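So for the sequence shown, this note's numbering puts the first residue at 1; every next one is plus one. Backbone N, C-alpha and C define an ideal beta-carbon position, used for all residues, glycine too. Because the structure is a prediction, the values reported are computed rather than measured. All remarks here apply to the structure that follows.
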Amino acid sequence: MRLKLFVRTLLVFMFIIFFVDFIPKKKKTIFIPKNVSAKYIGSLLEDEKLILSKTIFRWVVFLTMSERKIKSGNYELYFSITCLPTVYNLVKGPKVIKVTIPEGFTVEQIAQRLYTKEIISDPIEFITYVKSKNLEGFLFPET
């Protein structure tokens with residue numbers, strides 16, 4: 001009887017980890033501030049419906065010894081039942097996008113480059129904003 005119960009529990013657990021957690025999900029962008037606790041991050045992720053439980057998240061962080069390894073920044077995360085992929089992404093760090101804007105580029109060319117790299121969603125809005133401001137001193141050459 002105990003063996004059957006153990007096998008059933010194991011099968012349910014494996015189903016959750018290997019099947020349910022890999023169903024395609026909608027991603028959300030979230031900002032993790034500097035020097036915050038796993039408790040705070042767990043609450044933030046639970047509020048955004050990216051994890052089921054902040055307690056499970058804290059246990060996963062504790063068991064993987066990841067609390068001091070979590071990096072701040074903007075993340076694109078998916079819902080995760082087990083929290084393992086979420087913790088892995090938070091330890092790996094946010095996605096960094098490098099953009100080079102060659103000397104002599106026009107505002108339109110810069111907008112197109114940023115749109116291509118998916119940094120901005122609307123090049124026309126970017127162009128309108130930039131033309132209304134003076135950017136002198138904001139863009140530095142790479143040395």
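Please check if any C-beta of chain C sits within less than 8 Å of the C-beta of Ile81.
Of the protein chains in this structure there is only one, and it is not chain C.
Since I believe Val99 is in contact with Lys114 (beta carbons under 8 Å), could you give me their beta-carbon distance rounded to a whole number of angstroms?
Here residue 114 refers to the residue found at position 114 of the sequence shown. Here residue 99 refers to the residue found at position 99 of the sequence shown. The amino acid at residue 114 is misidentified as Lys; the sequence shows Leu. Leu114 to Val99, Cβ: 7 Å. Contact.
Taking Glu67 as part of the alpha helix (DSSP H), name the residues at either end of that continuous run.
By 1-based counting over the sequence shown, the position of residue 67 is 67. Looking at the DSSP string, Glu67 is not in any alpha helix (DSSP H), and its letter there is neither H nor E.
Excluding the 5 residues flanking Glu67 on each side, which residues of the same chain have their C-beta closer than 7 Å to its C-beta?
Sequence index remark: in the sequence shown, residue 67 carries index 67 (1-based). Closer than 7 Å at Cβ, skipping near neighbours: Ala38 and Val61.
Is Tyr88 buried or exposed, if buried means 16 or more other CB atoms sit within 10 Å of its CB?
For this step, residue 88 is matched to residue 88 along the sequence shown. Result: exposed.
Between which two residues does the alpha helix (DSSP H) carrying Asn89 extend?
Here residue 89 refers to the residue found at position 89 of the sequence shown. Start and end: Leu84 to Lys92.
Can you tell which of Arg2, Thr64 and Leu5 has the C-alpha that lies nearest to the C-alpha of Cys83?
Here residue 83 refers to the residue found at position 83 when the sequence shown is read from its first residue. Of Arg2, Thr64 and Leu5, the residue nearest in Cα terms is Thr64.
Tell me which residue opens and which closes the beta strand (DSSP E) that Thr29 is part of.
The residue you call residue 29 lines up with position 29 of the sequence shown. It spans Lys28 to Ile32 - the beta strand (DSSP E) in which Thr29 sits, taken as one unbroken run.
At which residues does the beta strand (DSSP E) containing Leu77 begin and terminate?
By 1-based counting over the sequence shown, the position of residue 77 is 77. It spans Gly73 to Leu77 - the beta strand (DSSP E) in which Leu77 sits, taken as one unbroken run.
Please tell me whether Phe31 and Leu50 are closer than 8 Å, where the distance is taken between their beta carbons.
Counting from 1 along the sequence shown, the entry for residue 31 is found at position 31. Counting from 1 along the sequence shown, the entry for residue 50 is found at position 50. In this structure, Leu50 does not lie closer than 8 Å to Phe31 by Cβ.
Return helix, strand or coil for Ile51, following the three-state DSSP convention.
Locating residue 51 in the sequence shown gives position 51, counting from the first residue. DSSP places Ile51 in strand when its eight states are reduced to three.
Check the C-beta distance from Ile97 over to Leu52 and give it rounded, since I have them as a contact under 8 Å.
The residue labelled residue 97 in the question sits at position 97 within the sequence shown. The residue labelled residue 52 in the question sits at position 52 within the sequence shown. That pair is no contact at about 30 Å.
According to the Cβ coordinates, are Lys28 and Leu77 closer than 8 Å?
On the sequence shown, residue 28 is found 28 positions in, with the first residue counted as 1. On the sequence shown, residue 77 is found 77 positions in, with the first residue counted as 1. Yes, Cβ-Cβ distance for Lys28 and Leu77 is below 8 Å.
Counting along the chain, where does the alpha helix (DSSP H) carrying Val107 start and finish?
Along the sequence shown, one-based indexing puts residue 107 at 107. From DSSP, the alpha helix (DSSP H) with Val107 extends over Val107 to Thr116.
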